[in-house]
Structures are given as C-alpha cells and as structure tokens.
Amino acid sequence: MSDFSCVITGGGDNEGPGGAAALRASVESVLGQSLRGAEAVVVLASTAAPAVRTAARALADRAPGRVRLLHADPAVRTTGALRNAGLDAAGGRYVLVLAAGERLQLHACRNLWQAGERSRADLIAGRWSQVADESGKEREPSWQGGLYARSRTLARFADAPELVVRDALVTGFCLRREAARRHGLRYEEDLTHGEILFGPLAAAAVGRIALVRRLIVTGRAVPDRARDLAALVEAHRRVANTLLARGLSELREEREKAFARDHLVPLARSFPHLPAARRDRVAAAAARALTGSFRDGPPDLPPLERVAVRLLARGDAEGVLTAAYALSRPATVCAPLTTGADGRVAWGGGPEGPGVDVTELGHRYRTFGGARLMNRLTRATADRGRLLLEGRLVLPGHGGPGPDAPLAATLEFRARGGARAVAFPVEEIRHDGNGISWRARADVARRLRPVGVRDTAWDARLTVTAGGPDGPRSVSDLFAPQDQVEGAVRFPARPWLGRLAGDTWEPYITLKDHFALRLTARRRPARTTHRLVRYATRFRPARKAKLLVRSLRRHLDRYRSRGFKVPVYNTWLTRLPVRRGSVVLESHMGTCYGDSPRALYEEIRRQGLRLRATWSYDPSPVGFPDDARLVRRWSWRYLWALARAEYWVDNQGFPQQLRKPRHTTYLQTWHGSAYKRMGFDETRVRLQNAPQRARLQQAVDRFDHFLVRSEHDVNTLARAYRLPEERLLRTGYPRNDVLIAERDRAETEGRLPRPPLAGALGLDDHKKTVLYAPTFRGGPGKQRRARLLLDVREFAERFGDTHTLLVRAHYLESARLPLCPPGAVVDVSRHHDVQELLALTDVLITDYSSIMFDFALLDRPVVLYAPDLEAYAAERGSYFDLREKAPGPVTETQEELFATLAELKKTDTRYADRRRDFIRQFGTYDRGDAARRTVAAVFAPGSSRGARHTIDLDHDRGAGR
C-alpha cells in the first residue's frame, strides 16, 4: 500500500482548459514528490480527447509502479463520478484529489503526511494558489493568510470557520482513506463544481482536522463565473443548507457574504470586458439563479459591492456595468444618486424597491467642480470623415448645475505621457435631468498631427463648464466597455515624421476602460518600416547592446545601493578629518522637521552658536529649513556629512550599519517615554539570534548622551537599552518647551487667539479640536497603510457640528480617510511637527502612543481608546497598568468613547488630579528650558567634546541623490 494516492481526472464534462498538457503537469508533479510513496490514479472518461488518452498512456508506461490508469465506464461522464471512481480505486493511506492542471509543490505530500501522522487527523489541509490572470501569475486568496497563519490541529471544523465560509477546501487537502470510506464521503455527481461541496461535507463529517501553513497546490484555475454562475450558486446553496442543518446559521450568513465577495463581485467587475450580448445573457442567468438575500444585496457588504450584487440578482446588465465602473473607481459618481430627508444618499431606488445606501462614500460633500463624474461614451463612429462621439455625463443629485444653467464643453485629446493637446468644440450639450448629454465631431485626420515617436497614443477627455466662463468645471475621461468601438472606424493620420511612422488613427478602449486613439500602420510602406525598425532593435547586435546597457545600469545601481555604501563609509569615509562645528540633525529617520532635534536647532540659532547645520530628509525636502544644508538620507552627501560631523543629533537612530567616527559626539534625544516595552525588553528582540542582538547593542553603544524626562525613563528606556548612568542627561525633552510655554500662556492670557497653524488648517474657534493619534502597530520595515480603529466617518456624523477631528497616523504608517463634511475631519499626518498640533488641540484621543506623556503637560483632557488593550499588552508587553495610571479614561468600545466625549466636562473633572499626578511622575524634568540646558550640556564650552561656536547661516543648501 502506498502512502499517498493522488486522484486526477481527464475528460469530464467540466474539465478546465489545458487538455493533455494540464493532465501531464498534474501527474508529473506527483511523480516529482519528495515522498516517494506517492502514486497518481488517473481516471479517464470515455469521452476524453485522443491527445489526453495518449498523454495518460505515456505517463503510465513511463512510471508503471506509480501511475495507474483507469478507464471509466461510458456511463460515467461527470467529473464528480470520475472522482468517485478514483476514490474507490485509491490504495494509499491518504487520498488527495487534483483537477487537471493543478500541481503539487515538491514537498506537498510529505508535509501533509507528516502532519497527519503527528496529529492523527482525518483531514489535513494546506494553502493553495490560483492563476490570477492571463499572464499565468499565481496568487493566493487573501483570506488564506489568517486561516493558515500557523500549523494547528482542530477538534472540529467550527474552530476555523473560514474552512467552510470560504471555498478553502476545493483543493490542497487530503483525507485519511479509511475515514473517507467510513463516513461514505462522495462527490455529488450531478453537481458541476462538486469540489465546493465535497470539502465542507468532509470537514463536517470527520473528527480532527490539521492545518498546515505550507503551500500545497498551485495552478488552480479560476472558475468561469460568467459561464458557470448557476452551478456555482447551486454548490454554494448546498453548502449553506449543510451549515443550516447543523444549526450553524451564523456561519451560513457569513457564507452568503463570502460567496458574494468571492464570486458575484468579481463577476460584476468583469462586465466591461464582456461583449454586450454576453452581458445580457449573464445578467439574465443571474436573475434566475440568485434569489433570497441576494435580491437586496447581503447587508454587511460594502455599499458598492452590495449595489453590484443587487443589480446582478435583478438581471440589470446596464446597471451592473455601471456598478463595475464604480467598483474600480469608488471616488467617482457613476450613477444618479438621491438624497433623502434624513440626508442619507442612495443609489437607485424606484418601483422595484428602495435604493442602496451609499452615504459613506461621501459623494454628498463633493460639488460639481470637485466631484469625479462618470462620462459614458454612448456612440463612437465615423461621420463624413470625422470622428463622431456622443456621451452622457452623470450628475450628482445634490450639487449639479440647474436645468437653466448655461453649459459649455470642450473635447480634448492629449498625448499620453506628454504635454501636447488638441481641443475640439462640442457642437451639442444639454441638461437631461440627472445628466448632461453631449455630441462632438473631431476632424482628427486634419488637426491631430503626432510626431510619430513616443506620442502614438492620445487619450480623450471632456471639460464641461457650468454657469459661464468663471463657473465650476468638470473634467472627465470617456468611459466605455471594450466592445463599444466599431472595428471599421479608422481615420488617416499625418505624422510630422511622415507616413512611414504611421498612417492610421484607430480608436480603442484602454485597459482602464477609457476611450483613446492610437497611431497604427495599416498600409504597406508603414508596415514595412515598422518591421524594419522592429528587426533593427531586436536582432543580435541590438540585443547585445541592450544587454550591455542593462549591465551598466546594474553596476550603477550597485554603486548607489546600501550594500556598497556601508562598507565604503565604514572603511574609508570614517577616516576623513572632522569638520569642526558641523552637526547633522535628523528627526524620525528623515521623515520630518520636528521633535527635539528641531527644538535644539532653533535654540542654537537663537543663541547664535556658530554651527554648520545639516538636516537629513526622506523622501522630500519640503518643509525643512531654508538656512540649513539638506541631504537625502542614505545619499553619498548624507554619508559624507555623517563621516565629518562633530555632532550627531537625532531622536530615532541613525542607520545601525554605520559606525560613529571617533571624533563625533552623538546626542540621542529619543522620541518618547515608554508604555510598551522597548529595546532588549521586547519579546521580538529577545527571540532574535545573538548576531542580531549584538548589532542592536553596537547601535546603542554609539550614544554619547541620551535625554530623559523622568526617572521612569531611567528605569525603562535606559535599562532596556543598557545605557550607563554617565550618558544620561536629565534635562527633559526640548520639544516639550513649546507645550509648557503654551500652557503658561493659556493660564495667564486665555486660549484665544489660537496659534497661526489653526487658521492654516481652517479650524473654527467655536469648535473643539480633537486630535486622534494612534500608536505604531507594525514592525521594522517600510511604511505601510494602516486601518484606523476609530470610525472617522461616524465621529464626523456625531460630533462634526461641534468638533473638528485632526487625524495623525504614525510617521511609519499612512491611513486613507473617508470623505466627511467640510471642516469635520482634517488629515494632519504629513505635518512636520506634532508639538504644533498639540498646542492647538483641546482633547487628545490616543491608545498606547507616547504622545499622551507630552500632551498631559498642557493639562488638557486625554481619552484613551484601546479596544485591543489586553491583546496588545500581552503581545507587546508594558511597563505599567494603563488603567491604573492613565491621564484620562480608558475606553474599549467606540460607543464608550463617544459617550465619554459627549460628557467630557464631567469626565475631565474626575481625572484632573490624576492627570497632574501623571505629569509629576512622567514629566519630572520637563520645566520649559530643556533646549537651553541640553545645548549648554552638549555644545557649550566645557561640555563633552564641546567648543564655543556661532551659527553659520550662509553656507550652501544642498540635496543629495
């Protein structure tokens, strides 16, 4: 008996594309397994193509001991019946089913077998990937990341709901053969996509289930949803009914939503690429197959996805096409919208039922000139030698021009990637209720003259002006499905380089569904020229020249790489002589001009010390001081400045790989007191290997001075980074001097007028300013997009009339904010100095960020929103109990947060004394003169390696590459 039997079918009624090649790839992946006890059981239908039969016989002859060939009875034709025959014939301890074209990874059988033997599980499942597009690229479903994050054993399938909520068990899993026969597990022979049902039935029947985080199967074909929609819906319904029969109604509802997102929404997205006749057929089939909750769209779906599913279930082909455009462009108004008496915005609505609420898209806050509007091309043809275009611009129901407003429009063709543009007048434009219809004729043959090189594609767009020349303008691309343009619509072209460069203008629809023109070669002279150019650029000498250019570019890239720069810097540049009085400053790895380095720089300028200041930036120098030399982080000029600097000043850490020269004094101002564990106290660091920890220690050993603001910093940060006492400067944080000055000013003069930044941000003096600044939740690496835990839109709806919310994502993260009422939410993530924001903030909302230690100095309300407090503290670790020492209330739900904000006066009274205790414990040395004391300790005469200087403001300002 073999260890593994892999059943592969050929010739079934719903076999995917590939034929003999697909069958051969699947069988060879079995033969190539590192587990030699794996056999392939090939089951062929009587209707299998001759090429498939020939390939199967050749494989069986090549490996007779590992490939068994079975010819099914002529009555057995469905794929489900063929797979059942394979299950009956399988002799391995474990059995796995592959569709033709699916391939096992090298160690797939071994990984599954080992997991099964170790866990004694009856079903063992792993990850799989599918062919994402026509290019053949593989992609795993996004939901697999959480399901297979770690290998584990389940007592029952409900412990991992994704197994049945998603189509997780369509491939990539095996069954213990004895368990499959004991439970009578069979494929439904009347079901086209029986694998969708078989996996959940197996998971529900067997006992223990083992999940393996390894990739098991690649090459799974994406089902043709337009062709097989009815079969997919039927398989889904049988799975849903199975869940309902087992009393798992919640999983059934989740299954409905997952099916809509995994199959129906992608089907809707494909509509622009389907011919019109097929769109109609698919919509009609969807109307017959989709019933129940699909008619109104599953309620938990995002609004545009719900719109697409609802229109698909109602058989509205034109509506689904519009929804497809909206799905790929959520900021574009693609269909008429209606606004109810309660201010809610709906898509559609009428006799067939109410519309879908799309208020959260924020379209009601966009005006005609500021909104992106869908401009549907309805006709594109030739008319008396000219290009005739007709279209319709959708108007938002709330902010479009009135029926009597004068309209003017211009059709423009612009060279792609260039600045050249040619405009044509629009001969007819009129308001038709919820849209603007227009018609234009363009004499492209006479007026559109390209050079003929690099300007062969021209995109069309329409500019509509309402209410006169100075009225609002809407600029829109022309959208159309791929079959919109008639194939015979062509116009002669006259390039400046002559007709050999191209002779015909050909309209086409781009991959982004935009109407455009391209210069093509239709006649023999131009075609011959194009062939010669193609040959000249692709024959052997030209290919060698291209390879040489690529090689030179690789060498140049190597000289610009960090791997080359680091040894050059450490070996050679650090030997350069010191430039007395030079200081390199950096804040948050060059991302901003702020924090304590900025405060020290401005104090140095105020005192008139003669220092040559260099600031690093990454990626942009915008916002950095004009009187300092600027160098891009990791550029050669940056490394040169570091190597020759007498002082380094930063708040995060200069690159760990760079050694500090012997003549340099390194002042580390640090970026905040610690609630979460840092340095060698972090679990992540403790789990690192010895060389990694040694590199961190070497980086920390470069510090000559380290600023602390309380004994809490000494007991946490200094200990966590193993800093000796003599390196600590108990001066407080220079960045907080402005906060203490603002507190003193507010106590003596009042809060008004606010700092000038309030006016620049458009803040209303009569509305409270709330700053939401969550902590960094990622790890080392590049900047990433974060999901805000606070529902910004909900905050704006509840408090927008009385509060303005400033949102500041962590500098290592970015967040996309929804469109909200004007003045309700402002994104300040890119503002350089957070202390300026704190000075004008009335209330701070944060979680575990060190910003709470700074803001408390203002003696203003702090509210902590920590919905994952227990999990975060367990995973990251903390230095104190946040609930016991927090300077304000700790809320764990959004409703609790909003209730606290609504009763803030009462809440703040209860926490006033506690906030002052918090300041005394964590801000002991913040007295308002930290910058002066730090400058005196580091740069003044008698300080370590210090000398008296006056500032030099006239040296060159540069930027490195």
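Each residue of the sequence shown is one higher than the one before, starting from 16 at the first, in this note's numbering.
Built from N, CA and C at the ideal position, the CB exists for glycine as well.
F428 has V437 and A475 as its beta-bridge partners, per DSSP. Under the three-state reduction of DSSP, H818 is assigned to strand. The C-alpha of A386 is placed about 21 angstroms away from the C-alpha of F428. For W630, the secondary structure class from DSSP, reduced to helix, strand or coil, is strand. In terms of CA proximity to A36, R68 leads the group L820, T186 and R68.
With 16 or more neighbouring CB atoms inside 10 Å of its own CB, Y787 falls in the buried class. When L477, A557 and R546 are compared, the shortest CA-CA separation from F530 is found for L477. In this structure, the beta-carbon distance from R381 to G450 does not fall below 7 angstroms. A direct Cα-to-Cα measurement between L263 and P636 gives close to 57 angstroms.
Distance check between P65 and each of D76, G26, V45 and A87 places G26 closest, using alpha-carbon atoms only. Taking V950 as the centre and dropping the five residues before and after it, the same chain places the C-beta of L615, E618, I619, Q622 and L624 closer than 8 angstroms to its C-beta, in chain order.
If you draw a 10 Å sphere on the C-beta of A260, you find fewer than 16 other C-beta atoms in it, and that means exposed. DSSP places V468 outside any beta strand (DSSP E), giving it a letter other than H or E.
Rounded to the nearest angstrom, the Cβ distance from A397 to L404 is 11 angstroms, too far for a contact under 8 angstroms. For S864, the three-state secondary structure derived from DSSP is coil. When secondary structure is reduced to three states using DSSP, V221 falls in the coil class, being assigned neither helix nor strand.
Selection T939, T908, R948 and R875 evaluated against A927 yields R875 as nearest (Cα-Cα). For Q120, no beta strand (DSSP E) encloses it, and the DSSP letter there is neither H nor E. Per the Cβ contact rule, the stretch 873 to 891 is not in contact with the stretch 767 to 783 (fewer than 3 Cβ pairs under 8 angstroms). For G938, the closest of D752, D331, E910 and A917 by C-alpha to C-alpha distance is D752. Using a 10 angstroms sphere on the CB of P440, the tally of other CB atoms stays under 16, which defines it as exposed. For A705, the uninterrupted alpha helix (DSSP H) run begins and ends at A705 to V715, by DSSP.
Counting only runs of 4+ residues, the alpha helix (DSSP H) found wholly inside the stretch 858 to 924 occupies 866 to 870, 884 to 891, 897 to 900 and 909 to 917, in chain order.
Counting the other Cβ atoms within 10 Å of the Cβ of P789 gives 16 or more, which makes it buried.
Pairwise C-beta distances place the stretch 900 to 908 out of contact with the stretch 706 to 716, as fewer than three of them are shorter than 8 angstroms.
In the DSSP assignment, F721 is bridged to Q683 and L743. Here the alpha carbon of T374 sits roughly 50 angstroms from the alpha carbon of R569.
The secondary-structure analysis by DSSP pairs L532 across a beta bridge with W473 and P522. By the C-beta criterion, the stretch 480 to 487 is judged not to be in contact with the stretch 452 to 470, since fewer than 3 inter-stretch pairs fall below 8 angstroms. The beta-carbon separation of Y887 and I860, rounded to 16 angstroms, does not stay under the 8 angstroms limit for a contact. Around the beta-carbon of E249, 16 or more other beta-carbon atoms lie within 10 Å, marking it buried. Three or more Cβ pairs closer than 8 angstroms define a contact, and the stretch 298 to 316 falls short of that threshold against the stretch 341 to 359. When the beta-carbon positions are compared, R802 and P833 stay at least 7 angstroms from each other. Between the alpha carbons of V179 and A173 lies a distance of about 8 angstroms. In the DSSP assignment, E271 falls within the alpha helix (DSSP H) that extends over S264 to F274.
The DSSP-derived three-state label of Q159 is helix.
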